[in-house]
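Working notes, structure below.
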Amino acid sequence: MPLPIMLRRNFFDRPVLKVAPELIGATLLVNGVGGRIVEVEAYHHTDPAAHSYRGPTSRNAVMFGPPGVAYVYRSYGIHWCLNFVCEEEGSASAVLIRALEPTEGLAAMRRRRGQSRELADDRLLCSGPGKLCEALGVTVRHNGIPLDKMPFELRARQGSARVVPGVRIGITKAMDKPWRFGLMGSRFLSKPFKT
DNA sequence: TATGAGATCAACT
DNA sequence: GTTGATCTCATAC
1 MPLPIMLRRN FFDRPVLKVA PELIGATLLV NGVGGRIVEV EAYHHTDPAA
51 HSYRGPTSRN AVMFGPPGVA YVYRSYGIHW CLNFVCEEEG SASAVLIRAL
101 EPTEGLAAMR RRRGQSRELA DDRLLCSGPG KLCEALGVTV RHNGIPLDKM
151 PFELRARQGS ARVVPGVRIG ITKAMDKPWR FGLMGSRFLS KPFKT
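Using the working numbering, the first residue of the first sequence is number 1, and each one after it goes up by one.
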């Protein structure tokens with residue numbers, strides 16, 4: 001088993017549509033808890049569905065900063081969602097992390113996600129952006145933190161991955177853009193890809 | 001299997 | 001005042 005290769009910040013210094021599919025199969029850990037990334041969505045600053053589309057606000061400010069940092073925002077007043085900022089500074093593009101295949105710290109994830117669901121299978125732990133943040137303990141405290149520093153740990157995938165594109169979920173603008181990417185055949189997706 | 005309500009907050013109109 | 005890059009639970013088909 002080769003040693004894992006850590007993703008460096010310059011990995012994110014590229015177009016978001018190149019970075020997003022390459023994240024499929026990479027491993028994301030927060031304080032040692034996490035797993036393989038199986039689903040992401042790309043949000044480009046020219047995209048009406050992106051938070052950065054209308055320019056900087058206090059919420060999306062870190063999207064306009066340097067790439068390779070976390071952008072965390074409150075969704076529907078309830079959940080947190082985790083993004084990775086991409087491209088050059090000021091381009092305000094990001095990748096939304098939508099689902100993980102849990103591999104590390106399963107007990108911690110179950111504890112954070114609640115006892116009433118403890119008996120449910122592991123697919124329910126991280127199969128959606130809000131669930132994933134709850135399971136990994138990601139909150140706005142992580143907003144703006146570099147991805148190559150603690151508590152984050154990001155390992156490149158080993159070997160190749162079969163990546164399938166699809167239409168993004170939960171948006172009402174630019175719904176035609178196939179900028180959702182998933183690991184082909186994974187049981188841990190938030191929703192199946194139709195192919 | 002599918003649809004609907006409720007939770008709860010910041011940005012936007 | 002309305003609207004989400006959501007999730008869970010309840011009720012209907």
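Note that CB positions come from ideal geometry on N, CA and C, so glycine has one too. None of the values given here were measured: they were computed from a predicted structure.
| Asked | Found |
| --- | --- |
| For C86, three-class secondary structure by DSSP | strand |
| Those runs of the alpha helix (DSSP H) which lie wholly inside the stretch 106 to 171 and span at least 4 residues | 106 to 113 and 129 to 136 |
| Exposure label - N60; buried when at least 16 CB within 10 Å | buried |
| Stretch pair the stretch 22 to 38 + the stretch 133 to 143: three plus CB contacts closer than 8 Å | yes |
| Top-ranked residue by Cα proximity to R36, from R113, P4 and D13 | P4 |
| Buried or exposed by the 16-neighbour rule on C-beta atoms within 10 Å, applied to D47 | buried |
| Coarse secondary structure for A50, derived from DSSP in three states | coil |
| Supposed contact pair A70 and G144 - C-beta distance, whole angstroms, cut 8 Å | 7 Å |
| For A20, the first and last residue of its enclosing alpha helix (DSSP H) | V16 to L23 |
| The beta strand (DSSP E) enclosing G34, as first and last residue numbers | V33 to Y43 |
| Distance, P15 Cα to R113 Cα | 34 Å |
| CB contact flag (C86, P67, <8 Å) | yes |
| Close Cβ partners of D122 (< 6 Å) along its chain, the five nearest in sequence each way excluded | P102 |
| Per-residue burial, E153 [other beta carbons within 10 Å of its own, 16 or more giving buried] | buried |
| Cut-off 8 Å between Cβ atoms - residues of its own chain near A26, not counting five sequence neighbours on either side | L7, R36, I37, L154, R155, A156 and R157 |
| Buried/exposed call for I78, threshold 16 Cβ in 10 Å | exposed |
| Buried/exposed call for V62, threshold 16 Cβ in 10 Å | buried |
| Per-residue DSSP class, three states only, for R9 | helix |
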